[in-house]
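Listed in order, the protein sequences are those of chains A and P.
Counted from 1, the first sequence has number 116 at position 119 by the numbering used here; the numbering is strictly sequential.
Counted from 1, the second sequence has number 10 at position 13 by the numbering used here; the numbering is strictly sequential.
For glycine and all other residues, C-beta sits at the position ideal for the given N, C-alpha and C.
Number of protein chains: 2
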Amino acid sequence: MRKGPGTNGQGVAGSSRPRPTLRDVALRAGVSAKTVSNVINRTAPVSEETRLRVDRALVELDYVPNLSARGLRNGRSDLIAVALPDLASAYSAEIAHHFITLAGEDGLGVQLEETYGKADREIQLLSRAKAHLVDGLILNPVRLETSAVQRGIVLPPVVLIGEVHQPIADHVWIDNVGASRDIVALLINEGHRRIAAVGATKAESARQRLQGFREAHAAAGLSVRPELEIPCVNWDGGGGYRAVAGFLAEHEPPDAIFCMTDAMAIGAISALAAAGLRVPDDVSIAGYDNVWEARFAHPPLTTVDFDKRRLARLALELLSARIDDTARPIQSVTVPYSIVRRDSIRSRRS
Amino acid sequence: MRKGPGTNGQGVAGSSRPRPTLRDVALRAGVSAKTVSNVINRTAPVSEETRLRVDRALVELDYVPNLSARGLRNGRSDLIAVALPDLASAYSAEIAHHFITLAGEDGLGVQLEETYGKADREIQLLSRAKAHLVDGLILNPVRLETSAVQRGIVLPPVVLIGEVHQPIADHVWIDNVGASRDIVALLINEGHRRIAAVGATKAESARQRLQGFREAHAAAGLSVRPELEIPCVNWDGGGGYRAVAGFLAEHEPPDAIFCMTDAMAIGAISALAAAGLRVPDDVSIAGYDNVWEARFAHPPLTTVDFDKRRLARLALELLSARIDDTARPIQSVTVPYSIVRRDSIRSRRS
DNA sequence: CTGAAAGCGCTTACAG
DNA sequence: CTGAAAGCGCTTACAG
């Protein structure tokens, strides 16, 4: 926490006349502070004449309410925190965008945080939420075991998004296992047999997407060779590139690759190109997330789509409800997904 | 502004015992509130024994300070706002990421906002900053004429980033004209003559990049045909796609295309592919920003690079200095750029 | 419709 | 080293 002089100063660029308070406005308008407050917040009806006098004083003094004071009094800051693993990914950025837009429509500001899946950051953020600077928290934990959200912990109003779920908090997510199963089933159905999965890590999302990958194989009576489950810790373009380049250095190219994010898929396409392999002629590629780049990838990416705006809206609704009533029953909501087929996969059916 | 019950409740998931205050901790430890405050903030030395008693009470009550109260008292919230035109772009996301990370290292939270280049949003944000919920504001205005930051206005501590500059506020930016001139000069130098520019809009960044485009031509003794300055309002993949597709429907393909962002460049490559044109064999492409996708584009994109982390750090330093001293002289800092050459351009020199 | 009092939870002088 | 008082700027009861 930084220290600073308890300044109230805030002035015209350069100068520093002290900021006017409610009392200053009241004095100037010849009314009480309460009346000014009533005018500003429409808390109680104010006579036309008084309102005009107050309005004038408000403008003349360029009054802006002190939200810290209001927050202290009301027990609300009208600010929420949204904590995502990592903003640098297109996926997180899109999610953040929807949260900021939708929260803004409700008059709520969004403090954005990155956790990098680290438990200590999560704990810190929960604290900050408890510290009442924010009214609540949207949290996307990465690993179940290391998540700060565990049974028995004291929680501020919090809604979890993503794959990690604890029955002590509200939750919005997508059926990752089902989505991965479906998109891999599509690859199998198109005649691909030697299918690789890129993105194996300890993250819960990786676990679920890998499970879907395996289930699709099992359902088709196929077995998965372990080397085809390619690890990749960095779920970004560079990670996908290195994972696939490394694989190609030691193995025959697969028929198809299921990348656990579109970002990795784009890196994978690049690695294939570097190895002289064409998509989809030589290798088919499927992604996950349907970020905007997926549509303009070369070739356009087949991927898992879901309504990110809806995800954000649902999470915000749950959070608002939780802020209003900490004792309400825990709720878990699922957002539907769909498979978007584009040119990155071809049929191998003869 | 939302209304809510002035609740102080915040409890174990489900229950709602009131949150302990400094006074509760003091009572339990048998000391004064001031002493507890001293322990927490290390404001004054506290005897070993007292400190242990206070620490125990702190833990037993699971005390978390109320930051609204602290903010009211200190005149600081340790929260800043960062307002970018649009988070959904990879460029903005990367910038936001650096601001959040670096501000976090200084113990500052970041409230992220999107302005969409709208002046009323900018005004609103400046107000919010003045409302003391945030200590200061990093703002990226889009158009000079419509920016809320104008001479004579009362400003909270604010640092401008990007192309729009007003001499009444600190500013960090990149020499857009020079960068654009250099990358277009590279295209000309490689033998390209019919060069298109994609992204003409009323935004200040478009104006400057177009100016660089023209200057490069002028320096080489070339003239620019007006139809080669292709308008594109949406600076994203879709915008670039439509702009180039539309151009190709009515004109011969150019030798090369300078896209004013990498995102548009990626869309442009897609549009060229759809028209049966290869990059760089048929058309060379250059972008701007060096977002991570640029490296994994197909082919990898030649683009303008600059240190986004450094940009963020400089802006944060200026903001901190401004918060500490509203009267200090206005400062403007330039971040250097460089041209990153990748496979998206080829030589046409015979 | 309007006002005077009290207090949200903290920290800064000021005493001891 | 520790405490009692005062106040940051607002809003909620409570009176009139």
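Spatial distance of residue i from residue j (CA atoms)
i: ARG70(A); j: LEU69(P); result: 11 Å
i: ARG346(P); j: ALA194(P); result: 21 Å
i: LEU157(A); j: ARG178(P); result: 47 Å
i: ARG118(P); j: VAL174(A); result: 41 Å
i: ARG39(P); j: VAL28(P); result: 16 Å
i: ASP259(A); j: LEU58(A); result: 52 Å
i: VAL230(A); j: PHE255(A); result: 15 Å
i: ALA23(A); j: VAL51(A); result: 7 Å
i: TYR60(A); j: PRO17(A); result: 6 Å
i: LEU269(A); j: LYS127(A); result: 48 Å
i: GLU247(P); j: GLY106(A); result: 46 Å
i: GLU91(P); j: LEU84(A); result: 7 Å
i: ILE120(P); j: ALA80(P); result: 11 Å
i: ILE327(P); j: PRO154(P); result: 11 Å
i: THR331(P); j: VAL337(A); result: 44 Å
i: GLN147(A); j: LEU315(A); result: 19 Å
i: TYR88(P); j: ALA100(P); result: 18 Å
i: ALA200(A); j: ALA215(P); result: 54 Å
i: VAL161(A); j: ALA116(A); result: 13 Å
Three-state class that DSSP yields for residue i in the structure shown
i: PRO228(P); result: strand
i: ILE120(A); result: helix
i: ILE342(P); result: coil
i: ALA291(P); result: helix
i: GLN328(P); result: coil
i: HIS168(P); result: strand
i: LEU157(P); result: strand
i: LEU69(A); result: helix
i: ASP302(A); result: strand
i: VAL146(A); result: coil
i: SER89(A); result: helix
i: MET(-2)(P); result: In this prediction, MET(-2)(P) has a pLDDT of 33, which is less than 50 and means its spatial position is unreliable; what the coordinates show is noted afterwards. MET(-2)(P): coil per DSSP, three-state reduction.
i: HIS189(A); result: coil
i: ARG20(A); result: helix
i: SER44(A); result: coil
i: GLY273(P); result: coil
i: ASN173(P); result: helix
i: ARG204(P); result: helix
i: ASN35(A); result: helix
i: ALA128(A); result: coil
i: THR323(A); result: coil
i: ALA217(A); result: coil
i: GLY114(A); result: coil
Beta carbon proximity, residue i to chain A, threshold 8 Å
i: ASP59(P); result: yes
i: ASN63(P); result: yes
i: GLY188(P); result: no
i: VAL151(P); result: yes
i: LYS127(P); result: yes
i: SER124(P); result: yes
i: LEU134(P); result: no
i: ALA270(P); result: yes
i: HIS248(P); result: no
Minimum Cβ-Cβ distance from residue i to chain P less than 8 Å
i: GLY3(A); result: Here the model assigns GLY3(A) a pLDDT of 34, short of 50, so the residue's position is not dependable and the matter cannot be decided.
i: GLN328(A); result: no
i: ILE266(A); result: yes
i: ALA98(A); result: This sequence places Thr at residue 98(A); Ala is not what is there. Yes, contact with chain P.
i: HIS162(A); result: no
i: ILE263(A); result: yes
i: ASP302(A); result: no
i: TYR334(A); result: no
i: GLY234(A); result: yes
i: LEU184(A); result: no
Per DSSP, cross-strand counterpart(s) of residue i
i: SER281(P); result: ALA253(P)
i: VAL195(A); result: ILE227(A), CYS256(A)
i: VAL107(A); result: ILE77(A)
i: GLY133(P); result: ILE77(P)
i: SER335(P); result: ASP302(P)
Contact test: residue i Cβ vs the ligand COA heavy atom, cutoff 7 Å
i: ALA265(P); result: The ligand COA is absent from the structure shown, which contains no ligand whatsoever.
Mind listing which residues of the stretch 277 to 292 of chain A have their C-beta closer than 8 Å to chain P's C-betas, in chain order? TRP289, GLU290, ARG292
Using Cβ-Cβ distances below 9 Å, what residues of the stretch 64 to 82 of chain P are close to chain A? LEU64, SER65, ALA66, ARG67, GLY68, LEU69, ARG70, ASN71, GLY72, ARG73, SER74, ASP75, LEU76, ALA78, VAL79
Using a Cβ-Cβ cut-off of less than 8 Å, list which residues of the stretch 97 to 116 of chain A approach chain P; keep chain order. ILE97, THR98, GLY101, ASP103, GLY104, LEU105, GLY106, VAL107, GLN108, LEU109, GLU110, GLU111
The stretch 86 to 97 of chain P: which residues have C-beta closer than 7 Å to a C-beta of chain A, in chain order? ALA87, ALA90, GLU91, ALA93, HIS94, ILE97
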